[in-house]
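Just so you know, we're using my numbering here: the sequence shown kicks off at 16 and counts up by one.
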Amino acid sequence: MTTWSVDVTDGVMVWRFPDGMNQEEFGQSAYERFTELLDEHDVHGMVTEVEITDAFSAETFEVWERSGREAAAAGVERWAVVAEGIKSLSLKSQVSVADLDIYTTEEFDEAMAWVDG
């Protein structure tokens with residue numbers, strides 16, 4: 016089974032969600048690791064690369080919204096989402112959190128530059 020990966024470098028948490036990943040992992044193992052990393056590191060920005068082509072379930076969108084609230088509460092100021100086309104727009108529209116700037120793009124390097132900017 017294809018699974019996710021995460022790394023924290025210089026205060027930026029970088030997630031990669033490959034195509035074929037089971038969406039239940041968002042609310043289980045990935046979310047658990049996310050909260051651990053927020054506790055373990057001084058994170059000021061996040062970049063999330065989404066390659067999943069399947070439509071997201073309502074439960075998955077809820078995990079994204081909850082993650083945004085947790086990130087903002089932990090001091091994360093910027094969250095860039097890398098995804099293609101409509102996926103990028105739908106993710107941005109589902110996550111609206113005060114004190115968290117959200118940016119969407121199709122380019123990973125652009126997302127990293129924005130988070131660091």
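For glycine and all other residues, C-beta sits at the position ideal for the given N, C-alpha and C.
Using a threshold of 8 angstroms, state whether the C-beta atoms of residue i and residue j are closer than that.
| i | j | result |
| --- | --- | --- |
| Arg-93 | Val-58 | no |
| Met-61 | Met-28 | yes |
Quick one: Cα of residue i to Cα of residue j, how far?
| i | j | result |
| --- | --- | --- |
| Asp-114 | Phe-71 | 25 angstroms |
| Trp-30 | Gly-90 | 18 angstroms |
| Glu-51 | Val-23 | 12 angstroms |
| Trp-19 | Glu-64 | 10 angstroms |
| Gly-132 | Leu-106 | 22 angstroms |
| Phe-123 | Arg-81 | 23 angstroms |
| Tyr-118 | Gln-43 | 25 angstroms |
| Gln-109 | Ala-73 | 10 angstroms |
In the DSSP assignment, what residue or residues form a beta bridge with residue i?
| i | result |
| --- | --- |
| Ile-117 | Trp-94 |
| Asp-22 | Val-29 |
| Gly-60 | Val-27 and Arg-93 |
| Val-78 | Per DSSP, none; premise fails for Val-78. |
| Val-65 | Phe-32 |
Would you identify the three-state DSSP class for residue i, choosing helix, strand or coil?
| i | result |
| --- | --- |
| Asp-54 | helix |
| Asp-34 | coil |
| Glu-85 | helix |
| Ser-72 | coil |
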